[in-house]
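Here's the structure we're looking at; comments come further down.
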Ligand SMILES: Nc1ncnc2c1ncn2[C@@H]1O[C@H](COP(=O)(O)OP(=O)(O)OP(=O)(O)O)[C@@H](O)[C@H]1O
Ligand SMILES: [Mg+2]
């Protein structure tokens, strides 16, 4: 199995305050890797730095080349994609426009664009029904679907998801996570940040546990799930 | 006031509205994409008007020199930045994009200036000569401070306006110019009510350009990318839209709009190097009516400004600008009344 994405000794600061203190992480092609940890552990910070929204120190490798010096748009063009915690949808634009812009970095031709749209609409029929509605009038769950759909429009090679189940009803959480696992079958590698540790470990191959900006533990998801320390800290209440 | 006079004033008002429509759309576009209140809009319009006047007088337009100087400065800045960052592979692209491409319009202008030209050719030359000016200026002035606050950007825009009207004086001199009308004669719209063809052409051109502008925004992917940048900058970056590229594209469109404004206005108003500010400010009133974000409301604002200006000049010529600018007060009151009820906390809204 080839390594697709490597983060090596990454430091990220907000002004003078360092929030991520030397995190290293590895992701094999075609795998789902989950990152779990308590609030404020630095999970979102890690993803923002990985896509280039935040400046960072350390090395980020993607598909064999160093991308640390690249801007967000260049990383997106190479096939990285982030669905951030805040979603960052285009609120005053239609669902359809949001999706079309999702494919912006690919500049697809008309046929390809339609194929991508059909693919997303098949996964999220709700989006097809709402395609002329403004994104900021969608329900919370529909917004998550749109965020995921917009990301899929760029056919990412590495999809980074920051709490895709945030604020969703349990049934939809299951649906979203099963979609995430089904993406793996399409050859998408996924870095999954989740509050819901048990669900994250169940849908991933490998897991990292962050604590105060450092990796506290990592290992196969199955092993982590039965690890006493993880169980006590995160799964105890579940 | 009789109906005849009211009709004549309305037509004058529409002619003014046509100008403020284009300028207002330009101001809203720049602000929504880059957060810059583009005060120098009128100065660029003056450059295109004066360029056309020079071409008509069979003189060599100094705009060529202006574009060359700006392109030289921009290339120098880009090259130094790239070398400092060690990005040598980007050098040819920067030289091509910022040095050679903006100079392309200078070549036909250089070859054709000084002869007797058909009106359309002269207009075309004046337009393409003005197009590179704003993108170059913006790359020099606004790009390095694109993350600064709206206030800093506004101050930079003000400074740029004074700089440009100074350059206008330097390059074009203090005399005023008026260009040839494209169409002479009148048509009878209503029995006994005649309108000059020139005014109809002005309104028609402005409407056609505005329609094109809307279509481009609603229908093309690039237009959508500009809107997306205005709606959500981070979201735009996350789908791979480059803010620097959108900004350059925006400034190019605005340069073209300003070029059209200058050319449409020049046959009916004598243009001096410093005539730009007042045009820009009145368009700004229209843009404020549109909340610096809504194109349809800006269009309505342009009509309001044009009409008010025309009727005010009939009632009291000396006070006409005061009357137009006092339109800001009700506009802002209505705006703040509505924005109090929305929970939109984006900083653009609070300016
Ligand atoms: N914009 C910011 N400015 C300053 N500090 C910040 C900023 N954003 C986050 N932080 C700090 O960085 C640390 C990590 O935050 P981060 O959002 O990455 O945590 P997280 O693991 O995603 O938490 P959660 O599970 O609540 O989303 C926190 O201590 C937070 O207070
Ligand atoms: Mg977070």
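Residue numbers (full-length UniProt numbering), protein chains in the order written: chain A, 1 to 238; chain B, 1 to 351. Ideal Cβ placement from N, Cα and C applies to all residues, glycine included.
query = By Cβ distance, which residues of its chain are closer than 8 Å to residue 332(B), with the 5 residues on each side in sequence left out?
reply = Taking the first residue of the second chain as position 1, residue 332(B) is located at position 332. Only 288 meet the Cβ criterion.
ask   = With residue 83(A) and residue 99(A) assumed to form a contact (beta carbons below 8 Å), what rounded beta-carbon distance in angstroms separates them?
value = What you label residue 83(A) is simply residue 83 of the first chain in a count that begins at 1. What you label residue 99(A) is simply residue 99 of the first chain in a count that begins at 1. That pair is no contact at about 13 Å.
key: Inter-residue spacing [alpha-carbon to alpha-carbon] between residue 215(A) and residue 45(A)   = Within the first chain, the letter at position 215 stands for residue 215(A). Within the first chain, the letter at position 45 stands for residue 45(A). About 13 Å.
query = On the premise that residue 177(B) lies in contact with residue 270(B), defined as a C-beta separation below 8 Å, what is that separation, rounded to the nearest angstrom?
reply = Here the question's residue 270(B) lines up with position 270 in the second chain. Here the question's residue 177(B) lines up with position 177 in the second chain. Their Cβ separation, rounded to whole angstroms, is 7 Å, which keeps residue 270(B) and residue 177(B) in contact under 8 Å.
query = Could you give the C-beta distance for residue 65(B) and residue 171(B), rounded to a whole number, given that I count them as a contact under 8 Å?
reply = Stepping through the second chain from its first residue, residue 65(B) is reached at position 65. Stepping through the second chain from its first residue, residue 171(B) is reached at position 171. Contact flag correct, Cβ pair sits at about 7 Å.
inquiry  = Please report the straight-line C-alpha distance between residue 174(B) and residue 266(B), rounded to a whole angstrom.
reply    = The residue labelled residue 174(B) in the question sits at position 174 within the second chain. The residue labelled residue 266(B) in the question sits at position 266 within the second chain. Cα-Cα distance, rounded: 16 Å.
ask   = For residue 5(B), which residues from the same chain have a beta carbon less than 8 Å from its beta carbon, with the 5 sequence-adjacent residues on both sides left out?
value = Counting from one through the second chain, the residue named residue 5(B) turns up at place 5. Result list for residue 5(B): 314, in chain order.
task = Mind reading off the beta-carbon distance from residue 213(A) to residue 41(A)? Whole number of angstroms is fine, and I expect it under 8 Å.
result = As a first step, residue 213(A) must be located in the first chain, where it is residue number 213. As a first step, residue 41(A) must be located in the first chain, where it is residue number 41. Going by Cβ atoms, the distance from residue 213(A) to residue 41(A) rounds to 7 Å, so yes, they are a contact pair.
message = Just verifying my parser: in three-state terms, what is the DSSP assignment at residue 44(A)?
response = Start at 1 with the first residue of the first chain, and residue 44(A) comes out as number 44. Helix.
Nonlocal neighbours in the same chain, by C-beta distance under 7 Å from residue 31(A), ignoring five residues either side = Against the first chain, residue 31(A) aligns to sequence position 31. Once the five neighbours on either side are set aside, the close Cβ partners of residue 31(A) are 189, 205 and 206.
message = I want to see whether chain B comes within less than 8 Å of residue 91(A), judged by CB atoms only; does it?
response = Translated into positions along the first chain, residue 91(A) becomes position 91. Cβ-Cβ to chain B under 8 Å: yes for residue 91(A).
inquiry  = For a test of your reading of the model: does the CB of residue 162(A) fall under 7 Å from any non-hydrogen atom of ligand 2? Yes or no.
reply    = Your numbering for residue 162(A) matches position 162 in the first chain. Correct: residue 162(A) has its Cβ closer than 7 Å to ligand 2.
inquiry  = Quick check on the burial criterion: 16 or more other C-beta atoms within 10 angstroms. Buried or exposed for residue 138(B)?
reply    = If you number the second chain from 1, residue 138(B) lands on position 138. Result: buried.
request  = Could you list which residues in chain A have their beta carbon closer than 8 Å to that of residue 225(B), in chain order?
outcome  = As a position in the second chain, residue 225(B) is number 225, starting the count at 1. Near residue 225(B) (Cβ distances below 8 Å), the residues of chain A are 101 and 104.
ask   = Within the 8 Å Cβ cut-off, does residue 130(A) reach chain B?
value = Position 130 of the first chain, counting from 1, holds the residue named residue 130(A). Closer than 8 Å: no.
query = Nearest CA to the CA of residue 230(B): which residue from 17(B), 9(B) and 36(B)?
reply = If you number the second chain from 1, residue 230(B) lands on position 230. Closest by alpha carbon: 36(B).
task = Answer with yes or no whether the minimum CB distance from residue 234(B) to chain A is below 8 Å.
result = As a position in the second chain, residue 234(B) is number 234, starting the count at 1. Yes, contact with chain A.
inquiry  = Can you check which of these residues, 5(A), 175(A) and 133(A), is closest to residue 64(A) by C-alpha distance?
reply    = As a working mapping, residue 64(A) is identified with position 64 in the first chain. Nearest of 5(A), 175(A) and 133(A) to residue 64(A), Cα basis: 5(A).
Coarse secondary structure for residue 132(A), derived from DSSP in three states = For the purposes of this step, residue 132(A) is taken as the residue at position 132 of the first chain. In this structure, residue 132(A) counts as coil in the three-state DSSP scheme.
message = Does residue 2(B) pass the burial test, meaning 16 or more other C-beta atoms within 10 Å, or should it be called exposed?
response = Taking the second chain and counting its residues from 1, the one referred to as residue 2(B) is at position 2. Counting Cβ neighbours within 10 Å, residue 2(B) comes out exposed, since fewer than 16 surround it.
message = Give the list of continuous beta strand (DSSP E) stretches no shorter than 3 residues that lie fully inside the segment 125–185 of chain A.
response = 158–162
ask   = Does the beta carbon of residue 52(A) fall short of 7 Å from some heavy atom of ligand 1?
value = The sequence position of residue 52(A) within the first chain is 52, counting from 1. The answer is no for residue 52(A).
ask   = How about the segment 12–20 of chain B and the segment 232–247 of chain B: do they share at least three Cβ pairs that are nearer than 8 Å?
value = no
Residue from 211(B), 38(B) and 49(B) whose Cα sits closest to the Cα of residue 387(B) = Nothing about residue 387(B) can be reported from this structure: the residues present for chain B run from 1 to 351 only.
query = Okay, do the segment 54–68 of chain B and the segment 241–251 of chain B touch, 3+ Cβ pairs below 8 Å being the bar?
reply = no
ask   = Taking contact to mean at least 3 C-beta pairs separated by less than 8 Å, is the segment 113–125 of chain B in contact with the segment 142–155 of chain B?
value = no
Cβ pair residue 173(A), residue 196(A) closer than 8 Å = Looking up residue 173(A) in the first chain gives position 173. Looking up residue 196(A) in the first chain gives position 196. Yes, they are a contact pair.
query = Along the segment 42–60 of chain A, what residues have a CB closer than 8 Å to any CB found in chain E?
reply = This model lacks chain E altogether; the protein chains it does include are A and B.
ask   = From residue 88(B) to residue 221(A), what distance separates their C-alpha atoms?
value = Along the second chain, read from residue 1 onward, the residue named residue 88(B) stands at position 88. Along the first chain, read from residue 1 onward, the residue named residue 221(A) stands at position 221. Answer to the nearest angstrom: the Cα atoms are 45 Å apart.
message = Less than 7 Å separating the Cβ of residue 19(A) from some heavy atom of ligand 1?
response = In the first chain, residue 19(A) corresponds to position 19, counting from 1. Within the cutoff, so yes.
query = Distance, Cα to Cα, residue 273(B) vs residue 62(B)?
reply = For the purposes of this step, residue 273(B) is identified with residue 273 of the second chain, where counting begins at 1. For the purposes of this step, residue 62(B) is identified with residue 62 of the second chain, where counting begins at 1. One C-alpha to the other measures close to 13 Å.
query = Can residue 214(A) be considered in contact with ligand 2, in the sense that its beta carbon sits closer than 7 Å to one or more heavy atoms?
reply = For the purposes of this step, residue 214(A) is identified with residue 214 of the first chain, where counting begins at 1. The answer is no for residue 214(A).
message = Can you find the residues in the same chain that come closer than 7 Å, C-beta to C-beta, to residue 136(A), ignoring five residues on each side of it along the sequence?
response = Position 136 of the first chain, counted from the start, is the residue given in the question as residue 136(A). The residues are 91 and 92.
inquiry  = By the DSSP assignment, the beta strand (DSSP E) with residue 36(A) in it spans what residues?
reply    = On the first chain, position 36 is the one that residue 36(A) refers to. Unbroken beta strand (DSSP E) run through residue 36(A): 32–36.
ask   = So is residue 221(B) in contact with chain A if we call contact Cβ pairs under 8 Å?
value = For the purposes of this step, residue 221(B) is identified with residue 221 of the second chain, where counting begins at 1. Interface residue, yes.
query = For residue 131(B), which residues from the same chain have a beta carbon less than 8 Å from its beta carbon, with the 5 sequence-adjacent residues on both sides left out?
reply = In the second chain, counting from the first residue as 1, residue 131(B) sits at position 131. Only 105, 252, 255, 256 and 259 meet the Cβ criterion.
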